[in-house]
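The structure appears right after this line, and notes come after that.
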Amino acid sequence: GDSVTQMEGPVTLSEEAFLTINCTYTATGYPSLFWYVQYPGEGLQLLLKATKADDKGSNKGFEATYRKETTSFHLEKGSVQVSDSAVYFCALRGGPTGNQFYFGTGTSLTVIP
Amino acid sequence: ETGVTQSPTHLIKTRGQQVTLRCSSQSGHNTVSWYQQALGQGPQFIFQYYREEENGRGNFPPRFSGLQFPNYSSELNVNALELDDSALYLCASSPGTSGSRGRHIQFFGPGTRLTVL
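Residue numbers (this note's numbering), protein chains in the order written: chain A, 6 to 118; chain B, 51 to 167.
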């Protein structure tokens with residue numbers, strides 16, 4: 006079945022460092038791909054999405070490109086800030102009905118000044 | 051425009067009991083999905099409702115059931131609670147249709163923390 010495999014954390018970076026969080030997926034159809042973020046004490050928020058191959062989602066300096074050939078959707082940011090400290094979840098929308106969301110296990114990011 | 055709200059915030063039950071969790075969708079949203087998030091894990095899809103009918107179900111036993119009402123609010127019911135049911139239960143709403151295939155974004159509520167003793 007459809008699934009998402011996400012880089013395990015926790016990840017600790019210094020402010021202004023480059024961030025990559027790896028995400029690969031398995032899907033029988035043509036899923037849409039998402040990154041969600043969960044800040045401390047808050048609910049899940051959509052960070053960015055891509056609905057077809059080669060699409061690039063971007064938001065708040067974060068980017069991810071839908072790579073069908075490598076079944077990947079890695080999250081990147083060129084210069085992280087302390088305020089980016091959160092848990093990041095990769096997800097796909099697919100499954101038998103095309104409406105099911107499958108999430109990765111989450112990657113905790115801590116950015117230190 | 052109000053966001054997705056869930057009640058209660060926290061709940062403690064004992065094994066074998068039944069629980070009902072509630073979700074109020076964002077205004078104008080006709081689709082609601084429920085997820086179970088165990089500690090340190092990602093959310094696991096339980097089921098989705100579109101215009102009061104189930105529109106997809108994850109790998110959860112029948113003792114997990116749901117309802118969606120005409121105003122698009124929703125309930126998650128869990129019977130015969132087990133210790134492993136302890137988790138954060140998330141509700142997410144979207145303006146999607148059953149054939150949208152990812153064009154619609156889901157907005158998540160803050161969740162209900164269920165503890166089963």
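For every residue, glycine included, the Cβ atom is placed at its ideal position computed from N, Cα and C.
Q) Is serine 77(B) helix, strand or coil when you go by DSSP? A) coil
Q: Could you tell me which of Leu167(B), Cys141(B), Leu164(B) sits nearest to phenylalanine 158(B), measuring between CA atoms?
A: Cys141(B)
(Q) Let's see if you can read the secondary structure: which residues bound the beta strand (DSSP E) around asparagine 64(A)? (A) 61–64
**Q.** Check: threonine 76(A) C-beta below 6 Å from any heavy atom of the ligand ZN
**A.** You won't find the ligand ZN in this model; it holds no ligand whatsoever.
Q: Tell whether a beta-carbon distance below 7 Å holds between leucine 49(A) and tyrosine 41(A).
A: yes
**Q.** leucine 89(B) (DSSP reduced to helix, strand or coil)
**A.** coil
Q. Sorted by chain position, which residues of the same chain lie with C-beta nearer than 6 Å to glutamine 76(B)'s C-beta, five sequence neighbours on each side aside?
A. Gly53, Val54, Ser143, Phe157
**Q.** Closest residue to phenylalanine 114(B) among Val128(B), Tyr99(B), Glu102(B), Val166(B) (Cα-Cα distance)
**A.** Val128(B)
Q. Glycine 109(A) versus chain B: which residues are under 7 Å apart at the beta carbon?
A. Gly92
Q | Interface flag, asparagine 104(A) vs chain B, CB-CB below 7 Å | A | yes
**Q.** Any chain A beta carbon closer than 7 Å to asparagine 80(B)
**A.** no
Q) Using the C-alpha atoms, what's the distance from glycine 100(A) back to glycine 152(B)? A) A caution first: glycine 152(B) carries a pLDDT of 43, below 50, which makes its placement in the model too unreliable to give a value.
Q) Going by beta carbon distance, what residues of the same chain come within less than 6 Å of threonine 70(B), once the five residues before and after it are set aside? A) Glu125, Asn127
(Q) Check whether the stretch 58–78 of chain A and the stretch 55–69 of chain B touch, using three or more Cβ-Cβ pairs below 8 Å as the test. (A) no
Q) Leaving out the 5 sequence neighbours to the left and right, which residues in its chain are closer than 6 Å to valine 92(A) when beta-carbon positions are compared? A) Gln43, Gly111, Ser113
**Q.** Distance, glutamine 86(B) Cα to aspartate 135(B) Cα
**A.** 8 Å
Q) If we cut at 7 Å on Cβ distances, does asparagine 105(B) have a partner in chain A? A) yes
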